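Every number in my numbering is 52 more than the matching position in the sequence shown, counting from 1.
First up is the structure itself, then whatever we jot down about it.
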Amino acid sequence: MEISKDTVIQFHYTLSDGEGAQLESSKGGDPMAYLHGHNNIIKGLEAAMEGKQAGESFSVTVEPKDGYGDKKEGLTQRIPVKHMMGQKRWKKGMAGWVKTEQGDRQFTVVKLGKFMADVDFNHPLAGKTLTFDVEIVDVRAATEEEVSHGHAHGVGGHHH
Ligand code: ZN
Numbered sequence: 053m054e055i056s057k058d059t060v061i062q063f064h065y066t067l068s069d070g071e072g073a074q075l076e077s078s079k080g081g082d083p084m085a086y087l088h089g090h091n092n093i094i095k096g097l098e099a100a101m102e103g104k105q106a107g108e109s110f111s112v113t114v115e116p117k118d119g120y121g122d123k124k125e126g127l128t129q130r131i132p133v134k135h136m137m138g139q140k141r142w143k144k145g146m147a148g149w150v151k152t153e154q155g156d157r158q159f160t161v162v163k164l165g166k167f168m169a170d171v172d173f174n175h176p177l178a179g180k181t182l183t184f185d186v187e188i189v190d191v192r193a194a195t196e197e198e199v200s201h202g203h204a205h206g207v208g209g210h211h212h
């Protein structure tokens with residue numbers, strides 16, 4: 053089965069930045085799963101997936117405009133350290149998240165005080181050229197429920 057709109061794809065990936073440094077990898081854990089054609093992954097990666105089949109491997113380089121966008125000015129805010137999630141001991145440059153009314157928001161620590169921290173709400177990968185080495189593990193038709201929810205269920209996807 054080829055990857056097209058309303059298929060669910062399981063894949064492994066290794067992500068590197070423009071200088072070739074490895075940032076993330078799914079290898080050694082469960083593959084990622086997503087529902088194709090619903091903007092669930094970045095544009096440049098979703099476009100490269102189109103038409104591929106299980107067992108195929110490929111590499112794609114994604115510019116910021118098709119990835120996490122350019123870094124924006126004015127996204128630095130001062131927030132209480134006790135609201136910061138994801139680390140026990142914070143240091144400058146670490147990434148974490150806070151719960152907001154709009155859902156979880158990722159940040160990077162710019163300046164750390166005892167009780168308050170200045171954090172940058174740009175996505176940690178904003179402004180970066182990214183290379184994905186992808187291995188397609190499985191392609192299947194999405195269920196009606198997955199299409200109506202707009203995301204994949206099961207291993208690597210959403211669990212309700
Ligand atoms: Zn769901």
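Positions of the beta carbon are idealized from the N, C-alpha and C atoms, including for glycine.
As the structure is a computational prediction, the values presented were derived from the model and not from experiment.
Residue i, buried or exposed, once every other Cβ within 10 Å from all chains shown has been counted against 16
| i | result |
| --- | --- |
| Ser68 | buried |
| Gly107 | exposed |
| Thr59 | buried |
| Gly209 | buried |
| Glu197 | exposed |
| Ala204 | buried |
| Glu98 | buried |
| Ala193 | exposed |
Identified DSSP bridge partners for residue i
| i | result |
| --- | --- |
| Ser159 | As written in the sequence, residue 159 is Phe, which differs from the Ser given in the question. Answer by DSSP bridge pairing, in chain order: Gly148. |
| His64 | Glu187 |
| Thr113 | Thr183 |
| Met53 | Its beta-bridge partners do not exist; DSSP assigns none. |
| Leu164 | Ala169 |
| Leu87 | Val60 |
| Glu105 | It is Gln, not Glu, that sits at residue 105 in the sequence shown. Note: Gln105 sits in a beta bridge opposite Glu54. |
| Arg130 | Asp170 |
Same chain, Cβ closer than 6 angstroms to residue i, neighbours up to 5 away in sequence not counted
| i | result |
| --- | --- |
| Asp118 | Lys95, Gly96 |
| His90 | Gly202 |
| Pro176 | Ala147, Thr160 |
| Val199 | Asp58 |
| Asp122 | Pro116, Gly179 |
| Lys104 | Ile55, Ile188 |
| Tyr120 | His175, Leu177, Ala178 |
Other residues of its chain near residue i: CB distance less than 7 angstroms, five sequence neighbours each side excluded
| i | result |
| --- | --- |
| Asp185 | Tyr65, Thr66, Ser111 |
| Asp172 | Leu127, Thr128, Phe159, Thr160, Val162 |
| Met136 | Trp142, Gly148, Val150, Ala169 |
| Ser109 | Val186, Glu187 |
| Gly70 | Lys180, Thr181 |
Own chain partners of residue i with C-beta closer than 8 angstroms, once the 5 adjacent residues on each side are dropped
| i | result |
| --- | --- |
| Val207 | Gln62, Asp82, Pro83, Ala85 |
| Glu102 | Ile55, Ser56, His88 |
| Lys143 | Val161, Leu164 |
| Gln139 | Met146, Gly148 |
| Glu115 | Gly96, Thr181 |
| Met53 | Thr59, Gln105, Ala106, Val191, Arg192, Ala193 |
| His212 | His205 |
Supposed contact pair residue j and residue i - C-beta distance, whole angstroms, cut 8 angstroms
| i | j | result |
| --- | --- | --- |
| Phe167 | Val133 | 6 angstroms |
| Thr113 | Thr195 | So it is not a contact: roughly 33 angstroms between Cβ atoms. |
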